[in-house]
Each structure stands twice: as structure tokens, then as C-alpha cells.
Amino acid sequence: MLLTGAQALIKSLEMEGTDVMFGLPGGAILPVYDPLIDSSIRHILVRHEQGAGHMAEGYAHATGRPGVAMVTSGPAATNVVTPLCDAYMDSIPLVVITGQVPYSVIGTDAFQECDTVGITMPVTKHNWLVTDANDIPRIVREAFHVATTGRPGPVLVDLPKDIANQSMDWYWPDAVDLPGYKPTLKGHAKQIKDAVRLMGESHRPVIYAGGGILKARAADALRQLAEMTGFPVVTTLMARGAFPDDHELCLGMPGMHGNYTAVTAMQQADLLVALGSRFDDRVTGKLDGFAPEAKVIHVDIDPAELGKVRRPDVPIVGDCKYVIEEMVKATKADRAKTTPSAHRTSGRWPTLEEWMARVRGWQQDFPLVYEQTDDGPLKPQFCIDMLRDNTPDDTIVASGVGQHQMWTSQHWKFNHPYTWVNSGGLGTMGFAVPAAIGAKVGKPERMVWAIDGDGCFQMTAQELVTASAERIPVKIAILNNAYLGMVRQWQELFYEERYSEVYLSPDLPDYVQWAEAMGCVAFRVDTPEDVVPTIEKANSIDDRPVVIDFRTDYREKVYPMVAPGTNNDEIILDPAHDTRGGR
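For the sequence shown, position 344 (counting from the first letter as 1) is numbered 345 according to our numbering, and the numbering increases by one without interruption.
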């Protein structure tokens, strides 16, 4: 069957099971948009290429399948660099197709030419410049394989316009042949045995669960390991939902804005079982003061992560799901030899009663706190609590980056995996709206809320036009405090209240009129009494996007907080509620 390169690309995407792609056409990619008309693939026309990338990310977050985006050359390709970098940092599987000027004129500064392969090389797992139409099926198959195996991540295929117009004989490769790419899935048996030995000797253990748990579809295995050992679990920003928040062993989120119990438990642990986590600086604080007495078991599919930040006592390269399952088997065997009961009451496995009593004490003494009065200003935490309490338990929540992101991760109860969509490593403002749209496309049966800040919202709000045109009924809650809130918080705490360039104005733009102009239903909420009724109205609308402008207290700050460059032991609680005395 004779096809053009463009037809072969679309057919290859279909062969890979692509059901939707997000994109924006232009000159260099135009040949590929023609056969798309006859394809089974749903194309969602975005209003900015960055939106295409973030929508593909949201789709991948929610479904676990690779998100696909397609844009043209030059500025379109550079616009998609931010989502590529975001996906690279957070290990999100993306396949991005970019158009390129004709191969014959590459290097001549042709119209809308840029070195897309060179620009994106640092922020992709791999990328390909297609030089022969006959290579397209093989390259597409390789691209999906690389994006979804090992440590997931983004890949890019750059397709020159003349190659898209070339003819080729259609084929579909039976297998992928990449001799230099063989991710290790199964952990080393001796290392797993050594890990179980350390677990059996620990008195103050903590399971440090990272986003790799979700990438490996290992949430059930994690729960089995935690319940069998009795080890408490912290879930990083990228792992929220990997372990149920309502589980008695869940300590919540650690890190710069983690809760006191999670942060302190890690600091005082004698063993950290790090599963798919990377010892990010936002978790460790000042590195030389992080968990000083803890031995470390570190499981990660990416060998580059082992020893990169903290040297592990037991490093294990492998897929989290496989490794945890083997750890469970080895733990059962070890405990059967050392204790006659199913509880840690005798033998080599010590009891954790004293450790858990300390943990419960911290939970009781240092909960997350804020005060919402009937006649006072609207607290952002109250808005999040009411959203949480008045939506289905499996609602998918997306966020931008900043104070609202931290408050959402702190206050929302994530009891299901793949219900939290956020930008962790790169911290991309403007992520929430397009990512929520992508998540809703991937999971149309689920309610999807984006909790955004007014600064973030203004960066990508135009994608609500996409949502309206495509009938994608996402719901957006803007926590509007008229500031770049997290920047203002740092300026107040660390820059002597010198508020340089952080004021945004609560009324410019008028968010209700702007949202309505983009085809949304929109509401404004100024008082606590209107919060729940307005959320209920928003939840009842399912044929178009909804935006709520919550006018929140600009003075509210995110606590707890570990100041940059300080030790996690120096965690700052809300000064209004800190009962630790001079501590």
C-alpha cells in the first residue's frame, strides 16, 4: 500500500492506539493535517501550542496512556518546549510531533525554521529527525516504546515537510529493536533480601513514596507492603493518591510545605524506604541535615537517581511494582522465620508501638489549621475544603503552581490514584487549565476541577475557548488574592516586606466577564456563605466549562514552611497557632 509520509504518520499513530491528539496546524505540519480528516483520531484544536502540550500531560496523568500533541515548526515548536520540560521533570509519557521546514533547506534559516531536535534534546528522553518517509512507522513505534517504558517521559518526532509529502510502502514493524535501551524491571534478589533485613531491624521506619509509584501502577503493591509491615507512609507532591489519605498509616505530604508530622517523621526516622522518589530539594531541605539517623533503601527504575542526592545503603534498580511485590514476598518469608504471629511482637522484627505513638502525637498536636469566620475575609483553605466536601470522592483535581497548589495538596483528601494532576519538578504556572482539559478528555466520565491562582489563570486561560468549542465541561476555581501569592509570601518573610512587582489587581481583568466571553458559565464569590451554593451550581452544569472567581484573603500564607536553605527541623508553623513555645 503506497502512502505519503503524512498518511503513514497518522496510520502509525492509529496503530499505537492513539484516540485523541491536541494540536494547532501551520505551514510545515500542514501535510499531516490533511489525512487527519479521515482518521479515527479525535483532534482538539488548542489556542496556543503550550496548551497542547499541557493538555497531553493532563491526559497522560489521568489515564496513564501517552499524551500526543502535534504542532508546526519554529515558534510552535519552541512553544511546546515548556510542556516537554515539565513532562521530563515529572516523568510523564508524551509523544510530540513537530513540523519542520523541508529537509533540503534545513540550515538556511528558512521561514519558521529552528533546530527543534537540538533545542529539545535536553528535555526529552529521545528525539528523532525524520529523513526518509520509509522510517516513519519504525520511528513512531520506537517513540511510543521509549515514552512509556522504563522511566516514562516525553519524546519528540520532527518531520520535515518534504518528507511528509514523500511516498512510502506501508508496513508496521513487528517489534522494536533498540539494543542500547533495555530498562531494568526486576530488582536484584540479594538487594531485595538486604532491604528486608534493614526493614526488620528498624524501629522508626518511614516509607517515602514518590511519583514512581503511580508511573509503575504500584499503588496496590504499596498498600500491601505498608499494611504488612505497619510502616507509616509519606506521599510526595507527585505521589498524592498513591496511598489513601484516609488510611491510618498515611502521614500525608512531606517537604517545604508538607505537614509537620510527615516532615518530622522523616527527620527522626532510622530507615527511609524510598520508592520511586528522588530526594528532591523541596523534600530534603538543607541536605546535610536531612534525616541524619536514617539508613536508606532506594528503589528506582532510573539508575541515575540512585546516589544522585543521598547515598543509599541498599540501592535497587527496578520497576517499583515488581520490586515491591518481591519485597512483600521476601518480608513474608523473613517474618515467618522470626515471629510466629502476623504482628510485629516478637522475633527479629521489633514492635512499632512506640514509634507510632510519637507519630500520632504529632498528628494530634500539629494539625493543619486556619480560621474562617462568618463575617471575615474568605480563606482559600476554606474554599478548597468546601470543594473537597462537595464533589465526588474520585474527582480529578488539577492545579497550577504556587500557594493554591500547596493548599490543595495539603487539604484535599486523595484516596484514589490518578486524581491529582499538577506540575511538580518544573513548577509551571499556567499548567492547571489546559491540564484539566486534557484530564477530562481522557476521563470524560469523571468530574474534573482545576484549582488555580489568578496569576496562573491569566497565563493560559485562553484554552477555555478550546474547552467551550469542544464541549469539554471542566470546572475552574480561581483563588483570587490579587497577588502572585507565593512570591509575595517570600517577599514578606525574607525580603523585609518589600513587595516588588507582585500586585495583580482583583478586578483587572473581570474574571466573570472574561470567562463568559470564552463561552463559560461564571460566578463570583465574595463571602463564606456563598461558597457552597455556588459550588453546587457549578457541579450541576455539565454541558460547558464553569469558572468561579473566589475573592480570597491576600494576607493568608502557606504553613507549615521550611525556609529555603534551612534544615527541616526548623519547620515554621503558622505563627498564630504555634504552641511549641520557644522551640
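Built from N, CA and C at the ideal position, the CB exists for glycine as well. All of these numbers come straight from a predicted model, not from anything done at the bench.
- Per DSSP, residue 253 is one residue of the beta strand (DSSP E) stretching across 251–253.
- Assignment of residue 183 by DSSP, reduced to helix, strand and coil, places it in the coil class.
- Here DSSP, grouped into helix, strand and coil, assigns residue 435 to helix.
- Segment contact: the region 185–195 against the region 152–161, fewer than three CB-CB distances shorter than 8 Å; contact not assigned.
- Residue burial annotation: residue 552 is buried, with at least 16 other C-beta atoms found within 10 angstroms of its C-beta.
- Each of 48, 21, 54, 480 was checked against the Cα of residue 38, and the nearest Cα belongs to 21.
- A residue is called buried once 16 or more other Cβ atoms fall within 10 Å of its Cβ, and residue 180, having fewer, is exposed.
- When the five nearest sequence neighbours on each side are left out, the beta carbons in the same chain lying within less than 7 Å of the beta carbon of residue 53 are those of 23, 24, 25, 47, 70, 72, 81, in order along the chain.
- Secondary structure at residue 292: coil, using DSSP grouped into helix, strand and coil.
- For the pair residue 542 and residue 474, the Cα-to-Cα distance works out to about 8 Å.
- Annotation: residue 50 to residue 401 spans about 18 Å, alpha carbon to alpha carbon.
- Between residue 322 and residue 222, the C-beta gap is smaller than 9 Å, which places the two residues in contact.
- In the same chain as residue 566, and ignoring 5 residues on each side of it, the C-beta atoms closer than 7 Å to its own belong to 287, in chain order.
- Beta-bridge partners of residue 480 (DSSP): 454, 551.
- In this structure residue 396 does not touch residue 328 by the C-beta definition: roughly 32 Å separates them, more than the 8 Å allowed.
- Taking the C-beta atoms as reference points, residue 155 is found no nearer than 9 Å to residue 243.
- In the three-state DSSP reduction, residue 113 falls in the coil class, being neither helix nor strand.
- By DSSP's assignment, residue 422 forms a beta bridge with 399.
- In its chain, beyond the 5 residues on either side, 455, 507, 512, 550, 551, 552, 553 have a beta carbon closer than 7 Å to the beta carbon of residue 481.
- By the neighbour-count criterion, in which 16 or more other beta carbons inside 10 Å mark a residue as buried, residue 425 falls on the buried side.
- When secondary structure is reduced to three states using DSSP, residue 70 falls in the strand class.
- For the options 246, 272, 273, the alpha carbon positioned closest to that of residue 260 is the one of 246.
- Secondary structure note for residue 524: its beta strand (DSSP E) is the uninterrupted segment 522–526.
- For the options 361, 486, 422, the alpha carbon positioned closest to that of residue 381 is the one of 486.
- Ranked by Cα distance from residue 145, the options 115, 100, 123, 95 are led by 95.
- Closest in C-alpha terms to residue 535, from the list 546, 544, 523, comes 523.
- The C-beta separation of residue 210 from residue 240 comes to about 5 Å, placing the pair in contact by the 8 Å criterion.
- With a contact defined as Cβ atoms closer than 8 Å, residue 59 and residue 436 qualify at about 3 Å.
- Closest by C-alpha distance to residue 315, out of 193, 497, 525, is 193.
- Taking C-beta separations shorter than 6 Å and ignoring five residues to either side along the sequence, the partners of residue 45 in its chain run 23, 471, following chain order.
- The residue among 141, 403, 450, 428 with its C-alpha nearest the C-alpha of residue 393 is 450.
- Residue range 155–161 is occupied by the beta strand (DSSP E) that includes residue 159.
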